[in-house]
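Below: the structure, in structure tokens.
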Amino acid sequence: MYREIRNHIIKNLKAGIRFDGRKALEYRKPITVEYGFTKTAEGSAKVTIGETEVICGIKTEIGKPYPDSPNEGTMMVGAEFLPLSNPEFEAGPPGIDSIELARVVDRGIRESKCIDFKSLCLEPGEKAWTIIIDICPLNDAGNLLDASALAALAALKDFRFPKLDEDGKIVYKEKGTEKIKLLCEPVECTVIKVGEFFIVDPIIDEQKAVDARLTVAVLRTEILLLCRKAEIVL
Amino acid sequence: MSELLVKDKDIVVPGEVLAVGMDHLPGKGTYREDEKILAGQLGLVSIDGRAIKLIPMSGRYIPKTGDTIVCKVTDILMTGWRLDTNSAYSAVLSMKDATSDYIQRGADLTQYFNLGEWLVCKIVNVTSQKLVDVTMKGPGLRNLKGGRVFSVNTNKVPRIIGKQGSMVSMLKNATGCRITVGQNGWVWIDGEADKEVIVVEAIRKIEEESHTSGLTDKMKEYLEKVTGQKVTE
Chain Y
1263 MYREIRNHII KNLKAGIRFD GRKALEYRKP ITVEYGFTKT AEGSAKVTIG
1313 ETEVICGIKT EIGKPYPDSP NEGTMMVGAE FLPLSNPEFE AGPPGIDSIE
1363 LARVVDRGIR ESKCIDFKSL CLEPGEKAWT IIIDICPLND AGNLLDASAL
1413 AALAALKDFR FPKLDEDGKI VYKEKGTEKI KLLCEPVECT VIKVGEFFIV
1463 DPIIDEQKAV DARLTVAVLR TEILLLCRKA EIVL
Chain X
645 MSELLVKDKD IVVPGEVLAV GMDHLPGKGT YREDEKILAG QLGLVSIDGR
695 AIKLIPMSGR YIPKTGDTIV CKVTDILMTG WRLDTNSAYS AVLSMKDATS
745 DYIQRGADLT QYFNLGEWLV CKIVNVTSQK LVDVTMKGPG LRNLKGGRVF
795 SVNTNKVPRI IGKQGSMVSM LKNATGCRIT VGQNGWVWID GEADKEVIVV
845 EAIRKIEEES HTSGLTDKMK EYLEKVTGQK VTE
């Protein structure tokens, strides 16, 4: 079904130019980050890469730590693809793509150890902060992975712990001041292979013609943290 | 005596009062509320005698009989093909409107048009329930092989085509690309990689400046600048 568009993409890549005039290893412009996009979340951000727009919100609650790590807080990443952002997305329970996106973003944050989970513990074995990161694409014009990972990182930087009242309950209405300590800043980059060519920041047409996809999370010091290979077509 | 509150070619937004009084008549894109005539959408005012019309500047495509559109095959039916028309209503291309070949009952229709293929077709009928029938029989109506499709604002399509197709033929001459502009806002192009990018950027520029006058001359200048060649209309 996508063979014709794939052939056309490869023909253009042979000439060294992509559909929107970019070179193979060039991101769309502008890339913008807007902190504090929603009022109700403890941390939020909106990221745009070209026409792709993603918002990310972080809520928190106090929960019980997992039994195997009694002195650590927990983190969850969820993603919901709204039909509003792409006509091919369906409403309803999360599909395979949104689960994959959430997991890739989760791994980037978790494996980079940018959050010190021990610092999220309030009372070992009893009480710890649970950080819930929710990702929601507003417009899918391709490369949701990179945009979502960047949005999640930006939302973490915007995150403030809410205040607690005398009974130890969270007062959600007031915005706190204490930040979460980030030890590093992982950024994810996705490279796709179409024919014999490798390109970054794919648009929708290019994503449909994909032969293989690789996502890596990197730090400023260029340490490889995570690899996610997917959609390999042999 | 009724009062006209806008001038010809003013840009108005939905809900804006265009005229007060019963002497004027609400035309396309406007509606009457008691004494007032209000704009129903974003557009340019066009005053034609007593009638006030709006030339829309935004909104989705609505199928109209006689339009030539670019569509995509989304389903194979028992007797034809279902096409996506870039609007809320899908179109049906029946076998007899697609080809003059004899097709055996139960034959595989994908050998004519397969899923995901792009077609240029013409709307022959739109029912009151917005069931759309299209045909492939006519000059220039064909299956679009290769190339790529991108979408533009349907309300700017007349400017992209230009008077008697002057704008689009200028684009073709300047870039050597093959271009098909559908009334539904889908544009198909095929050509050399760098030239295709010029076409896309030129069409985006036309969309942005569609409300200005002397656009063909402006675009001629622009194309001469980016291609570095003399452009004939």
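Order-wise, the sequence lines are chains Y and X.
The first sequence begins at 1263 in the working numbering and counts up by one.
The second sequence begins at 645 in the working numbering and counts up by one.
Beta carbons are placed, not taken as given, at the ideal position from N, Cα and C, and that holds for glycine.
Straight-line Cα distance separating residue j from residue i
| i | j | result |
| --- | --- | --- |
| L1496(Y) | P1386(Y) | For L1496(Y), the pLDDT reaches just 49, beneath the cut-off of 50, and the residue's location in the model is therefore unreliable, leaving the point undetermined. |
| K740(X) | V770(X) | 17 Å |
| E836(X) | V1472(Y) | 22 Å |
| P1329(Y) | E1388(Y) | 10 Å |
| L643(X) | V1462(Y) | Because chain X in this structure spans residues 645 to 877, residue 643(X) falls outside the shown range and cannot be described. |
| L1380(Y) | F1343(Y) | The displayed chain sequence assigns Lys, not Leu, to residue 1380(Y). Roughly 32 Å between the two C-alpha positions. |
| S1331(Y) | P1424(Y) | 23 Å |
| G806(X) | K862(X) | 13 Å |
| I1393(Y) | I655(X) | 49 Å |
| L1400(Y) | V796(X) | 20 Å |
| A683(X) | K651(X) | 13 Å |
| V689(X) | S702(X) | 14 Å |
| W832(X) | I1371(Y) | 42 Å |
| L662(X) | T856(X) | 22 Å |
| K1211(Y) | I1324(Y) | The displayed coordinates of chain Y run from 1263 to 1496. Any statement about residue 1211(Y) would go beyond what the structure contains. |
| L775(X) | F1351(Y) | 25 Å |
| Q748(X) | T723(X) | 11 Å |
| R704(X) | T712(X) | 16 Å |
| V728(X) | K1419(Y) | The sequence given here has Asp at residue 728(X), not Val. Approximately 43 Å between the Cα atoms of the pair. |
| V843(X) | Q808(X) | 19 Å |
| S1306(Y) | T1300(Y) | 6 Å |
| I1317(Y) | G1457(Y) | 32 Å |
| S813(X) | S1347(Y) | 35 Å |
Own chain residues within Cβ distance below 7 Å of residue i, not counting five before or after
| i | result |
| --- | --- |
| Y756(X) | A742, T743 |
| L1445(Y) | K1375, C1376, D1378 |
| A1303(Y) | G1319, I1320, K1321 |
| L815(X) | I823, V843, A846 |
Backbone secondary structure at residue i - three-state DSSP
| i | result |
| --- | --- |
| K1435(Y) | coil |
| E647(X) | strand |
| E1304(Y) | coil |
| L1382(Y) | helix |
| T871(X) | helix |
| I655(X) | strand |
| Y1297(Y) | strand |
| D1467(Y) | helix |
| S690(X) | strand |
| I1358(Y) | helix |
| Y866(X) | helix |
| M1338(Y) | strand |
| V1472(Y) | coil |
| G1325(Y) | strand |
| G826(X) | coil |
| G1312(Y) | coil |
| P1345(Y) | coil |
| C1446(Y) | coil |
Neighbouring residues, chain Y, relative to residue i (Cβ below 8 Å)
| i | result |
| --- | --- |
| V664(X) | Those do not exist, as V664(X) stays about 38 Å from chain Y at its closest Cβ, beyond 8 Å. |
| E852(X) | Simply none; closest approach about 15 Å. |
| G829(X) | Within 8 Å Cβ-Cβ: nothing; G829(X) doesn't reach chain Y, min ~15 Å. |
Contact list for residue i against chain X, beta-carbon separation under 7 Å
| i | result |
| --- | --- |
| Y1289(Y) | Within chain X, no residue comes near Y1289(Y); the closest Cβ sits about 17 Å away, beyond 7 Å. |
| I1279(Y) | A837, D838, V841 |
Cβ-based neighbour list, residue i, same chain, cut-off 6 Å, excluding 5 preceding and 5 following
| i | result |
| --- | --- |
| M1337(Y) | I1393 |
| L759(X) | V717 |
| T1294(Y) | T1310 |
| S854(X) | K800, R803 |
| R1280(Y) | none |
| A818(X) | L867, T871, V875 |
| G826(X) | I713, V714 |
| K1308(Y) | E1296, F1299, I1317 |
Amino acids of chain X, ordered along the chain, whose beta-carbon sits closer than 8 Å to that of residue i
| i | result |
| --- | --- |
| D1467(Y) | R792 |
| N1274(Y) | A837, E840 |
| Y1434(Y) | What Y1434(Y) touches in chain X: nothing, since even the nearest Cβ is about 37 Å away. |
| G1457(Y) | Those within 8 Å of G1457(Y) in chain X number zero; the least Cβ separation is about 14 Å. |
| G1298(Y) | Within 8 Å Cβ-Cβ: nothing; G1298(Y) doesn't reach chain X, min ~30 Å. |
Chain Y contact residues for residue i, given Cβ-Cβ distances below 9 Å
| i | result |
| --- | --- |
| G820(X) | By Cβ distance, chain Y contributes nothing, its closest Cβ being about 14 Å from G820(X), past 9 Å. |
| G603(X) | There is simply no residue 603(X) to check, as chain X begins at 645 and stops at 877 in what is shown. |
Residues near residue i by beta carbon distance below 8 Å, same chain, minus five either side
| i | result |
| --- | --- |
| N1274(Y) | R1280, F1281 |
| E1313(Y) | R1290, N1401, A1403 |
| E1334(Y) | P1327, Y1328, F1379, K1380, L1382, C1383, A1390 |
| G665(X) | M645, S646, E647, E679 |
Closer than 9 Å at the beta carbon, the chain X residues around residue i
| i | result |
| --- | --- |
| N1269(Y) | G790 |
| Y1264(Y) | G760 |
Counting only runs of 3+ residues fully inside the region 829-862 of chain X, write out the beta strand (DSSP E) ranges in chain order. If we require 3 residues or more, the beta strand (DSSP E) runs fully inside the region 829-862 of chain X come out as 830-834.
Residue ranges of each alpha helix (DSSP H) run of no fewer than 4 residues wholly in the region 769-824 of chain X, ordered along the chain? 801-805, 810-819, all fully within the region 769-824 of chain X.
Could I get the ranges of all uninterrupted beta strand (DSSP E) runs contained in the region 706-771 of chain X, with 3 residues as the minimum, in chain order? Inside the region 706-771 of chain X, DSSP marks whole beta strand (DSSP E) runs of 3 or more residues at positions 712-720, 724-728, 735-738, 762-770, from first to last along the chain.
Length at least 3, wholly inside the region 1266-1290 of chain Y: the beta strand (DSSP E) runs in chain order: Within the region 1266-1290 of chain Y, no complete beta strand (DSSP E) run reaches 3 residues.
Length at least 4, wholly inside the region 1363-1429 of chain Y: the alpha helix (DSSP H) runs in chain order: Entirely contained in the region 1363-1429 of chain Y, the alpha helix (DSSP H) runs reaching 4 residues are, in chain order, 1406-1420.
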